[in-house]
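Working notes, structure below.
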Amino acid sequence: MKILIVEDDDRISIPLKEELQHQNYVVDLAFDGAQGLEMATLGLYDIILLDLMLPKINGLALCKQLRDNGNSAAILMLTVRNDKQDKVVGLNCGADDYLTKPFDLDELSARIRALSRRFISQRQSLIACGPLQIDTTSCAVTYLENAIEVTPTEYRLLVHFALNPATTFNGEELLNKLWSQEFVGGKETIKTHIKTLRKKLAAAGIEEPVIETVYGFGYRLKSNA
Numbered sequence: 004m005k006i007l008i009v010e011d012d013d014r015i016s017i018p019l020k021e022e023l024q025h026q027n028y029v030v031d032l033a034f035d036g037a038q039g040l041e042m043a044t045l046g047l048y049d050i051i052l053l054d055l056m057l058p059k060i061n062g063l064a065l066c067k068q069l070r071d072n073g074n075s076a077a078i079l080m081l082t083v084r085n086d087k088q089d090k091v092v093g094l095n096c097g098a099d100d101y102l103t104k105p106f107d108l109d110e111l112s113a114r115i116r117a118l119s120r121r122f123i124s125q126r127q128s129l130i131a132c133g134p135l136q137i138d139t140t141s142c143a144v145t146y147l148e149n150a151i152e153v154t155p156t157e158y159r160l161l162v163h164f165a166l167n168p169a170t171t172f173n174g175e176e177l178l179n180k181l182w183s184q185e186f187v188g189g190k191e192t193i194k195t196h197i198k199t200l201r202k203k204l205a206a207a208g209i210e211e212p213v214i215e216t217v218y219g220f221g222y223r224l225k226s227n228a
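The sequence shown begins at 4 in our numbering and counts up one residue at a time.
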């Protein structure tokens, strides 16, 4: 899961980012509404944590603009205002949930997990690529019912390809989707992760690569996987 935090108070955003990264989420920060709009438009996020009181573009206006633009990321509004009408307006603008500051990190994490489950249920909880199966609820990967140990990055790559069969992605597209914007590595990082993932799948008994290279274009899930 890739999360964007749009929050102008770095006393909140930075510790929150660190906590979510510790939970294996990919996290980016935006410090005002204009930056949040740009990043949300370009960054392909699954969940957006959106402060209500933002400079440049406030949270309600940003939420509405994202929905008007067709952005389908789950949006969790964060605000110090505990007014029922504010919550109603936020939800009517397209927010999926609403949390009042100060909030408990455990509660926020639970809300994010709930949004993640909702996001996953809209797709598939079990993705089958032949005998290779990915359980998106438990984040387990199995082949012929035998577990394959993968890193969080390898898991995100595998799920992304499995949810987009026959679609070819170049290195830049994969970096934008699966890595934080502050990531300093390049396309060689993609090659390394895919190479390692292929080795693990081969060690589990999969003879042909599940992820194939389309020379000059990128990578895709093998059509008969």
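Even for Gly, the Cβ is constructed at its ideal location relative to N, Cα and C.
As the structure is a prediction and not an experimental result, all values here were calculated from the model.
- Apart from sequence neighbours up to five positions away, the residues of its chain that approach ASP138 with a beta-carbon distance below 6 Å are LEU129, ordered along the chain.
- The beta carbon of ALA165 sits closer than 7 Å to those of ILE130, CYS132, ILE137 and LEU224, all from its chain and outside the five residues before and after it, given in chain order.
- Going by DSSP, ASN179 is part of the alpha helix (DSSP H) stretching over 174 to 181.
- DSSP places THR44 in the helix class (H, G or I) of the three-state scheme.
- Of the other Cβ atoms in all chains shown, fewer than 16 fall within 10 Å of the Cβ of ARG116; this residue is therefore exposed.
- Between ASP54 and the set ASN27, LYS87, TYR101 and HIS25, the nearest pair of CA atoms involves TYR101.
- From the listed residues ALA64, LYS59, VAL92 and LYS104, the smallest Cα separation to LEU81 is found for LYS104.
- In the structure shown, the three-state DSSP call for GLU211 is coil.
- By DSSP's assignment, THR216 forms a beta bridge with TYR222.
- In the assembly as shown, LYS20 is a buried residue. Its beta-carbon has 16 or more other beta-carbons within 10 Å.
- Scanning ILE6, ALA150 and TYR222 for the CA closest to the CA of LYS198 turns up TYR222.
- At the C-beta level, LEU7 and GLY36 stay beyond 8 Å of one another.
- Counting every other CB atom within 10 Å of its CB across the protein chains shown gives TYR28 a total of 16 or more, marking it as buried.
- Taking a contact as a CB-CB distance under 8 Å, the pair LEU63 and VAL92 counts as one, their CB atoms being some 6 Å apart.
- For THR103, the enclosing beta strand (DSSP E) begins and ends at 100 to 103.
- Taking ASN95 as reference, the option from GLN68, ARG114 and ASP107 with the minimal CA-CA separation is GLN68.
- Scanning SER183, THR140, GLN24 and HIS196 for the CA closest to the CA of MET42 turns up SER183.
- Annotated as distal: ASP49 and LEU79, with beta-carbon spacing of 8 Å or more.
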